[in-house]
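Let me begin by presenting the structure, written as C-alpha cells, before commenting on it.
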Amino acid sequence: MSFRTTTATDYVEDVSPGSGALAPRSWYASSDAKSLSLNGHWRFRLSATADAEDDSFAAEGFDADAWTEVSVPGHWVLQGHGAPIYTNQRYPFPVDPPRVPTENPTGDHLRVFDLPGDWPSGGGSVLRFDGVESCARVWLNGTDIGEFKGSRLPHEFAVGHLLKPSGNVLAVRVHQWSAGSYLEDQDQWWLPGIFRDVTLLHRPVGSALDFFVHASYDHVAEEGTLRVDSDVDGRVTVPALHIDVAAGEPVTVPVRPWTAETPHLYDGELVTEGERVPLRFGFRTVELADGLIKVNGRAILFKGVNRHEWHPEKGRALDLETMREDVLLMKRHNVNAVRTSHYPPHPAFLDLCDEYGLWVIDECDLETHGFTEQAWRDNPADDDRWTPALLDRAARMVERDKNHPSVVVWSLGNEAGTGRGLTAMAEWIRGRDGSRLIHYEGDPNCRDTDMYSRMYVDHAEIERIGRGLDGGSLKRRQLPFVFCEYGHAMGNGPGGLADYQRLFASYDRLQGGFIWEWIDHGIKDERYGFAYGGDFGEELHDGNFVCDGLLFPDRKPSPGLVEYTKVIEPVRIEGDGSDGTVRVTNGYDFADLSALAFAWSYQVDGETVEAGTLAVPSLAPGESADVKLPAPPVDERGGERQWTVRAELAEETAWGPQGHVVAWAQLPVREGVSTRVAPSGGPVPGERLITLGPASFDARTGALKTIGGVDVTGPRLDVWRAPTDNDNGAHWQPDARYGLLWRKLGLHRMQHRLDAVELGEDPLTVRTRVAPAARAVGLRTVYRWTSDGTRLKLTVSVAPEGDWTLPLPRLGIRLGLSGSADRVRWFGGGPGEGYLDTKSASMVARWESTVDELQTPYVLPQENGARADVRWAEIGGLRVEGDPSFWFTARRWTTEQLDAAEHLTDLVAGDTVWVNLDHGQHGIGSQSCGPGVLPQYQLRAAPAEFSFVFSEIHG
Ligand code: IPT
1 MSFRTTTATD
11 YVEDVSPGSG
21 ALAPRSWYAS
31 SDAKSLSLNG
41 HWRFRLSATA
51 DAEDDSFAAE
61 GFDADAWTEV
71 SVPGHWVLQG
81 HGAPIYTNQR
91 YPFPVDPPRV
101 PTENPTGDHL
111 RVFDLPGDWP
121 SGGGSVLRFD
131 GVESCARVWL
141 NGTDIGEFKG
151 SRLPHEFAVG
161 HLLKPSGNVL
171 AVRVHQWSAG
181 SYLEDQDQWW
191 LPGIFRDVTL
201 LHRPVGSALD
211 FFVHASYDHV
221 AEEGTLRVDS
231 DVDGRVTVPA
241 LHIDVAAGEP
251 VTVPVRPWTA
261 ETPHLYDGEL
271 VTEGERVPLR
281 FGFRTVELAD
291 GLIKVNGRAI
301 LFKGVNRHEW
311 HPEKGRALDL
321 ETMREDVLLM
331 KRHNVNAVRT
341 SHYPPHPAFL
351 DLCDEYGLWV
361 IDECDLETHG
371 FTEQAWRDNP
381 ADDDRWTPAL
391 LDRAARMVER
401 DKNHPSVVVW
411 SLGNEAGTGR
421 GLTAMAEWIR
431 GRDGSRLIHY
441 EGDPNCRDTD
451 MYSRMYVDHA
461 EIERIGRGLD
471 GGSLKRRQLP
481 FVFCEYGHAM
491 GNGPGGLADY
501 QRLFASYDRL
511 QGGFIWEWID
521 HGIKDERYGF
531 AYGGDFGEEL
541 HDGNFVCDGL
551 LFPDRKPSPG
561 LVEYTKVIEP
571 VRIEGDGSDG
581 TVRVTNGYDF
591 ADLSALAFAW
601 SYQVDGETVE
611 AGTLAVPSLA
621 PGESADVKLP
631 APPVDERGGE
641 RQWTVRAELA
651 EETAWGPQGH
661 VVAWAQLPVR
671 EGVSTRVAPS
681 GGPVPGERLI
691 TLGPASFDAR
701 TGALKTIGGV
711 DVTGPRLDVW
721 RAPTDNDNGA
731 HWQPDARYGL
741 LWRKLGLHRM
751 QHRLDAVELG
761 EDPLTVRTRV
771 APAARAVGLR
781 TVYRWTSDGT
791 RLKLTVSVAP
801 EGDWTLPLPR
811 LGIRLGLSGS
821 ADRVRWFGGG
831 PGEGYLDTKS
841 ASMVARWEST
851 VDELQTPYVL
861 PQENGARADV
871 RWAEIGGLRV
881 EGDPSFWFTA
891 RRWTTEQLDA
901 AEHLTDLVAG
911 DTVWVNLDHG
921 QHGIGSQSCG
931 PGVLPQYQLR
941 AAPAEFSFVF
951 SEIHG
C-alpha cells in the first residue's frame with residue numbers, strides 16, 4: 001500500500017481555480033473610494049520546492065530582514081533569482097495532469113503597510129491582485145485568506161475585517177508550477193511572479209458592486225440605447241446626452257457611435273448610495289449578419305496584430321507608458337485590431353484601446369497545447385474535472401472587461417483542442433453577454449464559435465475559403481472567416497503580406513487577420529544584446545521562435561511592420577502616372593477622408609522638383625474618385641520621372657502629428673535610361689596587372705584590383721545568403737525548407753574555377769565555373785569588362801549547368817571595399833530593406849545612410865538589409881549604376897560571419913566593407929510558421945545577364 005501525504009500545499013496541484021476569492025466583477029476606479037497601491041519593493045525569499053518552508057513567515061512579527069527584495073509588479077526570474085524558460089508548445093515538465101514537479105520554485109513575498117491616515121473606517125476593503133503567475137496563497141495579518149490560479153486574471157479578496165491602521169502584514173506565496181500551468185501553455189517565457197498590480201480598494205457602504213454598461217447603436221435611426229445594469233440601485237448620468245436615468249432603465253438618444261476608426265466615447269457616472277463610478281463608454285452594436293461580422297451595420301476588416309505583453313527587461317510587467325506606446329505604434333502603423341494573444345491583457349491596455357480606437361479580440365488565459373504530444377489525450381479542455389477552472393477563467397475575463405467598447409469578440413483561448421470545457425465556456429459567455437461574438441481557432445467545426453478562424457494557411461487555401469469552397473460543416477460554411485494568426489514575423493519577413501491583403505479585399509467572407517506577432521520577446525542581456533530560448537541553460541527550449549514580432553524587443557519597428565503598414569493602408573492611391581489622373585479609394589470601414597490632406601510631388605531621377613497639395617473629395621467608405629494631377633513640371637533633363645502622392649493627417653490627432661503619412665503611392669511616368677559605356681580602347685596587359693580604362697586587374701586571375709584610387713576585393717559571383725528563419729522553415733510546414741537544402745547542396749561553399757582570362761579588342765573577359773564540391777551542378781559565369789576611359793562596365797552572364805532543382809538564395813556579385821567606407825547614397829528603394837515579396841513599402845527616392853544603419857538588427861542574425869530596385873549607389877568613393885536596377889547590400893562582416901552568428905554581439909566589424917550587388921534575390925515567405933515563398937517570388941536557377949557601371953567619385 002502506498003500513500004501520498006496530504007500537505008499544506010495540496011492546493012498547488014488541485015484542478016480547482018482556488019478558494020476565498022470574491023466573485024469576479026468589472027475593473028474600475030471610482031472617483032471617491034480610496035485605494036492604496038501595494039506595488040513597490042517587497043521582501044522576498046525563494047525556495048526550491050512548494051513546501052520547503054512553512055507558513056510562519058505570514059505571521060505578524062516575522063523577521064524578514066535577512067530576505068532579499070524584489071519589485072512588484074515583476075518576475076523574480078528577471079530580477080536575479082532563478083532563470084526564465086522558453087518553450088513554444090511543450091510543457092517544461094512531465095505531462096501528468098494535474099501533478100507538477102517537486103522542484104517547484106516558490107517565492108515568498110512579504111510587504112508591511114500602513115493605511116493612509118484618511119482611510120475611512122466604515123465600509124469594507126478589497127485586496128486585488130491583477131496578475132500572479134501561476135498560483136498564489138495569500139495571508140493578511142496572519143490570516144489565510146485564500147489561494148488562486150489563473151495568472152493573467154484578477155482575483156479579489158474581502159479583507160476589511162483584517163485591516164488595522166498600521167503594520168499590516170501581507171504575505172503572498174507564489175508557486176511557479178501548479179495545476180494551472182497545464183492551462184497556461186502559451187508560446188512564451190515561463191515567468192513566475194506577482195507581475196501585475198496589487199491594490200487595496202476601499203469599498204464604501206452602499207458602493208457599486210458590479211455594473212454592466214450596455215450601449216448599443218442603431219445605425220438606421222442613428223440612435224444609441226444605454227442601459228447600465230447595476231448590482232445596487234443607482235442613477236446613471238451622461239451630461240453630454242442629457243441622460244439622467246435609474247440604473248437598469250434603458251434610454252435611447254441620438255449619439256455618435258464608437259468604432260475603432262471613430263472612437264467616440266461618452267463620459268458619465270453611475271451614482272450609488274455610497275460611490276460615484278466614472279463611466280467611459282461607446283455606443284456600438286456587434287452582430288453576425290449576412291454571414292459577416294458587422295459593427296453598426298457594416299462589415300469590418302481586421303488589420304490586426306497578435307499582442308503578447310512584453311518588455312525586454314520587465315517581461316510581462318508592463319507599465320502604462322509601455323502600453324500606451326504599443327497603442328500609439330499600432331495606430332501610427334495603420335493597425336486597427338488586436339487579438340490579446342493569449343490572455344486578457346493588463347486592463348489599462350483596454351482603456352487605451354477604447355480611447356484611441358482598436359478592435360479587440362479579448363482572449364481567455366487558456367492554452368493546453370502541450371497535449372498534442374499525446375494526441376490531446378487527457379486534455380483539460382475536455383475533462384469535466386477541469387471545467388470549473390475553465391469557467392472561472394471565462395468569467396474572470398468577461399466580468400473584468402465587459403464594459404469596454406473596444407472588445408468586440410471574446411476568444412475562448414488558444415490551442416486547447418476541442419471539448420466540453422470549451423463548450424461550457426462558450427455557453428456561459430453567451431448567457432452572460434449576448435452583445436459580442438465568440439472566437440476560438442481550435443475547433444474546425446466551429447461548434448462554439450461565431451466565426452471560422454485559422455492560422456498560417458497558405459494563400460491558395462485562403463482563396464478557397466474566400467470563395468466558400470473550403471468545405472466543412474454547414475455551420476462553418478455560413479460563417480465569416482478570420483485569420484487569427486498569419487504572417488509569422490520571425491526574423492526577416494514576413495513575405496507575401498500584400499498577396500494576402502489582395503485576397504482579403506476580394507472576398508467579403510475574409511474579414512482580415514492578425515499578424516503573428518506584435519513584438520519579439522527578446523530579453524535584454526549583457527552577454528547577447530537580447531537573449532532568446534536556450535540562453536539561460538534551459539533543459540528544453542525553442543530557441544529564437546520567441547522572437548517573431550513586428551517590433552524588435554526595444555520596440556523599434558522592424559521592416560516587417562513597415563511593410564504591413566503599407567499593405568494595410570486605409571486609402572488606396574492608384575494610377576499609371578502618365579495620364580495625369582490618380583484614383584483615390586477610401587478603404588476605411590466607417591471614416592470619411594476629412595481627416596486627411598493629400599499631397600503630390602514630382603521626381604526627376606529621384607529628386608523632387610515640384611510639390612503641392614491635391615484636393616481630394618472627402619469620400620465615404622468604399623468610394624473612389626479620379627483626381628486630376630497638375631500639369632507635370634517642365635524639366636529638360638532626360639531622366640526617370642514619377643509622381644509620389646501621399647495621404648497625411650490634416651491635423652494632429654490623438655495618436656499622430658499633422659503630416660503623418662497614412663498612405664502613399666508612386667506613379668511612374670517615364671523610365672530612366674541606363675548609362676552607356678562606349679568602349680574606347682581595350683585591356684592593356686602588363687607584367688602583373690592588366691589595365692582597362694581606370695581599372696587594374698590581376699594579370700593571372702583577371703580579378704579586379706582597383707578602380708582609379710579605390711581598392712576593390714573581388715568582385716565575383718555570389719549566390720549565398722545567411723539563411724533567414726523563413727528560409728530554414730519549420731519542420732511542421734509542408735513546403736521545401738530551402739535554407740537547409742541550400743546548405744546541403746553546398747551553396748555556402750561554392751568554388752570558383754578560373755577557365756580563361758581573355759584580352760580582346762574591347763573587353764577583358766574572365767571565364768569561370770562556380771560550383772560546390774561533390775556536386776554536378778554549376779554556374780558557368782563569364783565576366784566581361786569594358787571601359788570608355790573613365791567608367792568601367794561589368795557584364796556578368798550566368799548559365800546554369802546540371803539539374804538545378806532548387807532556387808538560388810541570391811544571384812549577383814560580392815566585392816570588398818576598404819573599411820573606411822561609411823556613408824552610402826543611393827537612388828532606389830528605401831529607406832529600409834525590401835525583398836521580392838516584402839517591398840511594398842520600399843519607396844523609390846534618393847536616400848542616404850551609413851553602413852551601420854543599413855543593418856537590420858534581427859535578434860538572430862540572418863540575411864538582411866538589401867535595398868531593392870537600386871538604380872545607382874555610392875559608397876567608399878565608388879559609384880555603381882545597374883542595368884537593370886539591383887539589390888544593394890553593404891556590411892562590415894561577410895555573409896559567412898553573418899550566417900555563423902547566433903546573437904547580434906557575435907557580429908564584429910572587420911576591416912573590409914562587403915558589398916553585394918544582386919540581380920536577383922529569392923523571396924522571403926513566411927515558412928518559419930506558414931507557407932514558403934510563392935512561386936512568382938522564387939529565384940529560379942536560369943540563364944541571366946546583368947551589368948554594372950563603376951566609376952570613381954571625385955571630391
Ligand atoms: C501558433 C500559436 O498559437 C502561437 O502562440 C505561436 O506559437 C505561433 O504558433 C508561432 O509562433 S501554433 C503553431 C502550431 C502554428
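Counting from 1, one number per residue, gives the positions in the sequence shown under full-length UniProt numbering. Beta carbons: idealized from backbone N, C-alpha and C, even for Gly.
Compare the Cα-Cα distances from residue 957 to each of Asp32, Ile293, Ala841 and Phe283 and report the closest residue. Limits of the chain in this structure are 1 at one end and 955 at the other, which puts residue 957 out of reach.
First and last residue of the beta strand (DSSP E) that includes Met490? The sequence position of residue 490 within the sequence shown is 490, counting from 1. Per DSSP, Met490 belongs to no beta strand (DSSP E) and is neither H nor E.
Under three-state DSSP, which class holds Met1? Indexing the sequence shown from 1 puts residue 1 at position 1. Summary for Met1: the model assigns pLDDT 44, below 50, so the residue's position carries little reliability; its value from the coordinates is reported in the next sentence. Of the three classes helix, strand and coil, the one that applies to Met1 here is coil, per DSSP.
Any contact between the segment 350-364 and the segment 677-690? By contact I mean 3 or more CB pairs, one from each, below 8 Å. Output reads no: the segment 677-690 does not touch the segment 350-364.
Would you report the Cα separation of Gln936 and His922, rounded to the nearest angstrom? If you number the sequence shown from 1, residue 936 lands on position 936. If you number the sequence shown from 1, residue 922 lands on position 922. Spanning the two alpha carbons is a distance of roughly 10 Å.
Which value, in whole angstroms, describes the spacing of the CA atoms of Arg892 and Gly819? If you number the sequence shown from 1, residue 892 lands on position 892. If you number the sequence shown from 1, residue 819 lands on position 819. Spanning the alpha carbons of Arg892 and Gly819 requires a straight line of approximately 7 Å.
Beta-carbon proximity list for Trp190, same chain, < 6 Å, skipping 5 on both sides: For this step, residue 190 is matched to residue 190 along the sequence shown. Closer than 6 Å at the Cβ level, and outside the excluded window around Trp190, lie Ile85.
Where does Val908 land, buried or exposed, given buried means 16+ other C-beta within 10 angstroms? As a position in the sequence shown, residue 908 is number 908, starting the count at 1. Flag for Val908 reads exposed.
Near Ala699, what residues of its chain come up, given a Cβ to Cβ distance below 6 Å and the 5 sequence neighbours on each side ignored? For this step, residue 699 is matched to residue 699 along the sequence shown. Short of 6 Å from the beta carbon of Ala699, and not among the five residues preceding or following it, lie these beta carbons of its own chain, in chain order: Arg688, Leu689 and Ile690.
Does the contact criterion of 3 or more C-beta pairs under 8 Å hold for the segment 748-755 versus the segment 708-726? Enough Cβ pairs lie closer than 8 Å, so yes.
Would the beta-carbon of Arg203 fall within 9 Å of that of Val271? What you label residue 203 is simply residue 203 of the sequence shown in a count that begins at 1. What you label residue 271 is simply residue 271 of the sequence shown in a count that begins at 1. Their beta carbons are not under 9 Å apart, which means Arg203 does not touch Val271 by this criterion.
Contact between the segment 555-570 and the segment 495-503 (3+ Cβ pairs under 8 Å): In the pairwise beta carbon analysis, the segment 555-570 is classified as touching the segment 495-503: at least three pairs are separated by under 8 Å.
Just to confirm the assignment, what range does the alpha helix (DSSP H) spanning Cys353 have? On the sequence shown, residue 353 is found 353 positions in, with the first residue counted as 1. Note, Cys353: alpha helix (DSSP H), Pro347 to Tyr356.
Measuring only the C-alpha atoms, how far is Val409 from Val295? On the sequence shown, residue 409 is found 409 positions in, with the first residue counted as 1. On the sequence shown, residue 295 is found 295 positions in, with the first residue counted as 1. Taking the straight line from one Cα to the other gives about 11 Å.
Hey, would you say Met323 sits closer than 9 Å to Asp365, going by beta carbons? On the sequence shown, position 323 is the one that residue 323 refers to. On the sequence shown, position 365 is the one that residue 365 refers to. Taking 9 Å as the Cβ cut-off, Met323 and Asp365 do not qualify as a contacting pair.
I need the DSSP call for Val238, collapsed to helix, strand or coil. Taking the first residue of the sequence shown as position 1, residue 238 is located at position 238. Correct three-state label for Val238: strand.
Does the segment 168-187 come into contact with the segment 138-148, if we say contact requires no fewer than three beta-carbon pairs (one atom in each stretch) closer than 8 Å? Contact between the segment 168-187 and the segment 138-148 is present: 3 or more CB-CB pairs across the two stretches fall below 8 Å.
Kindly indicate the opening and closing residues of the alpha helix (DSSP H) around Tyr564. Sequence index remark: in the sequence shown, residue 564 carries index 564 (1-based). Following the DSSP letters along the chain, one finds Tyr564 inside the alpha helix (DSSP H) bounded by residues Pro559 to Val567.
If we count the other Cβ atoms within 10 Å of its Cβ and call it buried at 16 or more, is Gly268 buried or exposed? Looking up residue 268 in the sequence shown gives position 268. Buried.
Is it buried or exposed for Ala66, if we count other Cβ within 10 angstroms and need 16 for buried? Taking the sequence shown and counting its residues from 1, one reaches residue 66 at position 66. Flag for Ala66 reads exposed.
Beta-carbon proximity list for Ala774, same chain, < 8 Å, skipping 5 on both sides: Taking the first residue of the sequence shown as 1, we reach residue 774 at position 774. Cβ within range, chain order: Gly746.
Could you name the residues that DSSP lists as bridge partners for Arg879? Working through the sequence shown from its first residue, we reach residue 879 at position 879. Its beta-bridge partners are Glu874 and Ser951.
Span of the beta strand (DSSP E), counted from its first residue to its last, around His202: Taking the sequence shown and counting its residues from 1, the one referred to as residue 202 is at position 202. Here the beta strand (DSSP E) through His202 covers Val198 to Arg203.
Could you have a look at Arg280 and say whether DSSP puts it in helix, strand or coil? The count along the sequence shown starts at 1 and reaches residue 280 at position 280. For Arg280, the secondary structure class from DSSP, reduced to helix, strand or coil, is strand.
Separation of Ala678 from Glu758, as counted between CA atoms: Along the sequence shown, one-based indexing puts residue 758 at 758. Along the sequence shown, one-based indexing puts residue 678 at 678. Glu758 and Ala678: Cα-Cα distance of roughly 19 Å.
Stretch pair the segment 99-116 + the segment 33-46: three plus CB contacts closer than 8 Å: Cβ pair count under 8 Å is three or more, so yes.
Taking all protein chains shown into account, do 16 or more other C-beta atoms lie within 10 angstroms of the C-beta of Gln374, making it buried, or fewer, making it exposed? Position 374 of the sequence shown, counted from the start, is the residue given in the question as residue 374. Gln374 should be labelled exposed.
Please list, in chain order, all residues of the same chain as Val712 whose beta carbon is under 8 Å from its beta carbon, the five residues on each side excluded. By 1-based counting over the sequence shown, the position of residue 712 is 712. Excluding sequence neighbours, Val712 sits near Leu704, Lys705, Thr706, Leu815, Gly816, Leu817 and Leu878.
Helix, strand or coil: which one does DSSP assign to Arg111? Position 111 of the sequence shown, counted from the start, is the residue given in the question as residue 111. In this structure, Arg111 counts as strand in the three-state DSSP scheme.
Flag this pair as yes or no: are the beta carbons of Val710 and Glu952 separated by less than 9 Å? What you label residue 710 is simply residue 710 of the sequence shown in a count that begins at 1. What you label residue 952 is simply residue 952 of the sequence shown in a count that begins at 1. Yes, the Cβ-Cβ distance between Val710 and Glu952 is below 9 Å.
Write down the C-beta distance between Gly491 and Tyr858 rounded to the nearest angstrom, noting that I regard them as a contact closer than 8 Å. Indexing the sequence shown from 1 puts residue 491 at position 491. Indexing the sequence shown from 1 puts residue 858 at position 858. That pair is a contact at about 5 Å.
In this structure, does DSSP put Asp144 in helix, strand or coil? Here the question's residue 144 lines up with position 144 in the sequence shown. In this structure, Asp144 counts as strand in the three-state DSSP scheme.
Taking Ser71 as the reference, give the member of His41, Asp535, Thr850 and Gln658 with the closest Cα. In the sequence shown, the residue the question calls residue 71 occupies position 71. Measuring from the Cα of Ser71, the nearest candidate turns out to be His41.
Which word fits Asp185, buried or exposed, when buried means at least 16 other C-beta atoms lie within 10 angstroms of its C-beta? Translated into positions along the sequence shown, residue 185 becomes position 185. Asp185 should be labelled buried.
Proximity to Tyr217 [Cα-Cα], best of Asp378, Glu287 and Ala389: In the sequence shown, the residue the question calls residue 217 occupies position 217. Of the residues Asp378, Glu287 and Ala389, the one whose Cα lies closest to the Cα of Tyr217 is Glu287.
Assuming Ala381 contacts Trp428 (C-beta within less than 8 Å), just tell me the rounded distance between them. For the purposes of this step, residue 381 is identified with residue 381 of the sequence shown, where counting begins at 1. For the purposes of this step, residue 428 is identified with residue 428 of the sequence shown, where counting begins at 1. Rounded, the Cβ-Cβ distance is 14 Å, inconsistent with contact.
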